[in-house]
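Accompanying notes for the structure given below.
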Amino acid sequence: MTAELVLQIVLTVAAGLVGVGLFGALSQQSIVMVMMGLELVLNGVLLAGGAAWFFLAPELPDAQVLVVVALVVMAVEMAMGFAVTVAIYRARQVDMVDMATDLRG
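In terms of the numbering used here, the sequence shown opens at residue 264 and continues consecutively.
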């Protein structure tokens, strides 16, 4: 396979991840499912960015370093989000997005 075809396939998979993640984030009411949808969107964006960077400048490892750093930041962000979700659930028994909108002090 040629490099252009591989890039096309990777970008198609990335677009699919963004589409499925966007649908999941907008159609679900559970906080955890919304967070999972947003994670898919971010993974698709990272895949597209890393693939484009790799095919534009394959001799530089900058893209791989940036993708790894972004994945670590995303993992920390999701862990914090799940911790906040668990804390909200334990305090108020709220696990749906529309019920969590009126959370004040």
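Glycine included, C-beta positions come from ideal geometry on N, C-alpha and C.
This structure is a prediction, so every number in the text was calculated from the model and none was measured.
Inter-residue spacing [alpha-carbon to alpha-carbon] between residue i and residue j
| i | j | result |
| --- | --- | --- |
| V331 | R353 | 33 angstroms |
| L268 | F318 | 11 angstroms |
| V290 | F345 | A quick correction: the sequence has Ser, not Val, at residue 290. Spanning the two alpha carbons is a distance of roughly 19 angstroms. |
| M299 | L334 | 14 angstroms |
| L323 | M264 | 22 angstroms |
| R355 | V297 | 19 angstroms |
Assumed close pair residue i, residue j - CB separation to whole angstroms, cut-off 8 angstroms
| i | j | result |
| --- | --- | --- |
| G284 | G307 | 6 angstroms |
| E302 | M343 | Not quite, the Cβ-Cβ distance comes to about 13 angstroms (not below 8 angstroms), so this is no contact. |
| L273 | A314 | Just to set this straight, residue 273 is Val in the shown sequence, not Leu. Sure, about 4 angstroms apart at Cβ, within 8 angstroms. |
| M337 | Q292 | Incorrect: roughly 23 angstroms between the Cβ atoms, too far for contact. |
Cβ neighbours of residue i in the same chain (closer than 7 angstroms, five flanking residues each side left out)
| i | result |
| --- | --- |
| V281 | V304, G307 and V308 |
| V295 | T348 |
| A266 | F318 |
| L329 | none |
| A326 | G313, W316 and F317 |
Neighbourhood of residue i by C-beta, 8 angstroms cutoff - its chain only, sequence neighbours within 5 removed
| i | result |
| --- | --- |
| L270 | A314, A315 and F318 |
| A320 | A326 |
Q.
With three or more C-beta pairs closer than 8 angstroms as the rule, is the segment 268-281 touching the segment 304-319?
A. yes
Next on the checklist: At 4 residues or longer, what runs of the alpha helix (DSSP H) sit wholly inside the segment 331-362?
Outcome noted: none
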